[in-house]
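Worksheet: one structure, shown below.
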Amino acid sequence: MKLTEMKQILTAGQIHLTKSLGQNFLHDHNQLGRIVDAAQVQDNDQVLEIGPGLGPLTKFLLDAGAKVFAIEKDRRLYEFLREHLGDNPKLRLLHADALKHLREQPTDWSEWKLVANLPYSVASTVLVELAKSQSCPSRLVATLQIEVAQRLMASAAHGDYGILTLLMQVRYEAGEWFKIPASCFFPVPDVDSACVVFVRRKTPLLGRSQSLIFEKIVKRGFSQRRKMLMKLLKQDWPAEVLERVFQELGLSPTIRAERVTLEQFVQLTQALDS
Ligand code: SAM
Numbered sequence: 160m161k162l163t164e165m166k167q168i169l170t171a172g173q174i175h176l177t178k179s180l181g182q183n184f185l186h187d188h189n190q191l192g193r194i195v196d197a198a199q200v201q202d203n204d205q206v207l208e209i210g211p212g213l214g215p216l217t218k219f220l221l222d223a224g225a226k227v228f229a230i231e232k233d234r235r236l237y238e239f240l241r242e243h244l245g246d247n248p249k250l251r252l253l254h255a256d257a258l259k260h261l262r263e264q265p266t267d268w269s270e271w272k273l274v275a276n277l278p279y280s281v282a283s284t285v286l287v288e289l290a291k292s293q294s295c296p297s298r299l300v301a302t303l304q305i306e307v308a309q310r311l312m313a314s315a316a317h318g319d320y321g322i323l324t325l326l327m328q329v330r331y332e333a334g335e336w337f338k339i340p341a342s343c344f345f346p347v348p349d350v351d352s353a354c355v356v357f358v359r360r361k362t363p364l365l366g367r368s369q370s371l372i373f374e375k376i377v378k379r380g381f382s383q384r385r386k387m388l389m390k391l392l393k394q395d396w397p398a399e400v401l402e403r404v405f406q407e408l409g410l411s412p413t414i415r416a417e418r419v420t421l422e423q424f425v426q427l428t429q430a431l432d433s
């Protein structure tokens with residue numbers, strides 16, 4: 160879908176775009192092709208697309224042979240898609256708030272890929288929601304604000320490293336990523352975007368119940384970035400247990416969460432779980 164066509168559709172349908180729904184549509188065919196390539200779509204792959212908008216990415220995915228389940232919150236766009244792509248048997252369209260749907264309809268996503276140009280307002284929440292689900296998708300290919308992409312891919316001791324990084328990377332390994340200039344979207348957003356690829360870990364680092372403890376440790380640890388991790392964890396665990404575990408793991412009692420690696424958070428979880 161070229162930019163002129165996009166503008167014509169919006170004008171003809173009297174569709175005024177809504178900033179709060181993150182409606183910046185991707186019209187650059189080169190970037191759409193790169194996103195679908197990054198998703199490594201095979202014939203009949205099951206793809207979840209959140210926020211299809213006017214469907215430019217949906218079309219690329221269908222052309223690559225994917226079966227697409229697309230969830231769109233804006234009724235006007237949903238109706239447009241139903242009219243223009245609705246007779247494609249490989250497309251299932253749903254008019255819903257995707258975040259609400261993910262939370263209220265637990266689904267086995269393990270045989271699915273997420274490929275989406277995510278609305279800014281819910282991008283990180285949607286990714287964390289999927290990453291936390293028991294059977295999370297095998298691959299996430301998400302286009303989002305470059306600042307969020309940097310937080311998702313950060314490593315310890317970097318300013319972007321935090322809760323988002325850890326909740327994502329405990330389930331996924333960060334893969335390739337590329338920048339998408341603001342000029343590739345309509346309307347042109349204030350910030351650049353990036354497409355990031357996350358590949359589900361072959362072997363989970365933690366079991367189900369340990370994942371909840373991991374989340375509790377990480378959230379507590381980053382609740383006050385300048386404070387020492389051990390001091391913060393004393394709100395949840397006895398001091399003597401923490402002192403012993405930190406010593407066994409070779410962690411300084413004065414270390415702050417931002418210096419603790421993913422592997423160390425995993426070890427800490429396992430030790431505090433036993
Ligand atoms: N995929 C299209 C594209 O690449 O041009 C549109 C992407 S646009 C960044 C985000 C889309 O998500 C919009 O169509 C918007 O209406 C939709 N959206 C916003 N919040 C949503 C939500 N909570 N659930 C589902 N769709 C949502």
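Numbering (our numbering), first residue to last: 160 to 433.
Just so you know, even glycine gets a beta-carbon here, dropped at the ideal spot from N, CA and C.
Could you check whether V195 and F219 sit closer than 7 Å to each other, using their CB atoms as the reference points? Going by beta carbons, F219 and V195 fall inside the 7 Å limit.
Is any heavy atom of the ligand SAM found at a distance shorter than 6 Å from the C-beta of E306? Distances taken from the Cβ of E306 to the heavy atoms of the ligand SAM include none shorter than 6 Å.
Distance cut-off 6 Å: G212 Cβ against heavy atoms of the ligand SAM: Result yes, Cβ under 6 Å from the ligand SAM.
Locate the beta strand (DSSP E) running through A353, then write down its first and last residues. Where A353 is concerned, the enclosing beta strand (DSSP E) stretches over S352 to R359.
Please work out which residues of its chain come closer than 6 Å, Cβ to Cβ, to V350, disregarding the five sequence neighbours upstream and downstream, and give them in chain order. Same-chain partners within the cutoff: Q304.
Are the beta-carbon atoms belonging to L289 and P296 less than 7 Å from one another? The criterion of a C-beta distance shorter than 7 Å is satisfied by L289 and P296.
With C-beta atoms as the reference, is N276 less than 7 Å away from L185? Yes, they are a contact pair.
Only counting runs of 3 or more residues, tell me where the beta strand (DSSP E) segments fall wholly within the region 256-317, in order along the chain. Within the region 256-317, the complete beta strand (DSSP E) runs of at least 3 residues are 271-276 and 298-304.
Cross-strand partners of Q205 (DSSP beta bridge): Beta bridge pairing from DSSP links Q205 with K226 and W271.
Using three-state DSSP, classify H254 as helix, strand or coil. Strand, per DSSP.
Are the beta-carbon atoms belonging to L329 and L364 less than 7 Å from one another? First, the residue type needs correcting, since residue 329 is Val and not Leu in the sequence shown. Yes, Cβ-Cβ distance for V329 and L364 is below 7 Å.
Short Cβ contact (7 Å threshold) for L392 with R379: The Cβ-Cβ distance between L392 and R379 falls below 7 Å.
Per the contact definition of three or more C-beta pairs closer than 8 Å, is the region 228-237 in contact with the region 203-214? Cβ pair count under 8 Å is three or more, so yes.
Looking at the ligand SAM, does it come within less than 6 Å of A257, judged from the CB to the closest heavy atom? Checking every heavy atom of the ligand SAM against the Cβ of A257, one is found closer than 6 Å.
Report back the beta-carbon spacing between Q429 and Q369 to the nearest angstrom; my notes put them in contact at under 8 Å. The distance from the Cβ of Q429 to that of Q369 is about 7 Å, consistent with a contact at the 8 Å cut-off.
Within the present structure, is the beta-carbon of I230 separated from the nearest heavy atom of the ligand SAM by less than 6 Å? Taking non-hydrogen atoms of the ligand SAM into account, the C-beta of I230 is found less than 6 Å away from one of them.
Just checking L216 against the ligand SAM - is the residue's beta carbon closer than 6 Å to any of the ligand's heavy atoms? The ligand SAM approaches L216 closely enough that one of its heavy atoms is under 6 Å from the residue's Cβ.
Sub-7 Å separation of A353 and K338 beta-carbons: Less than 7 Å divides the Cβ of A353 from the Cβ of K338.
C-alpha gap between K272 and E374, whole angstroms: Per the coordinates, the alpha-carbon of K272 lies some 24 Å from the alpha-carbon of E374.
By DSSP, does G245 sit in helix, in strand, or in coil? Coil.
Return the first residue and the last residue of the alpha helix (DSSP H) that K338 is part of. Per DSSP, K338 belongs to no alpha helix (DSSP H); it is in the beta strand (DSSP E), Y331 to I339.
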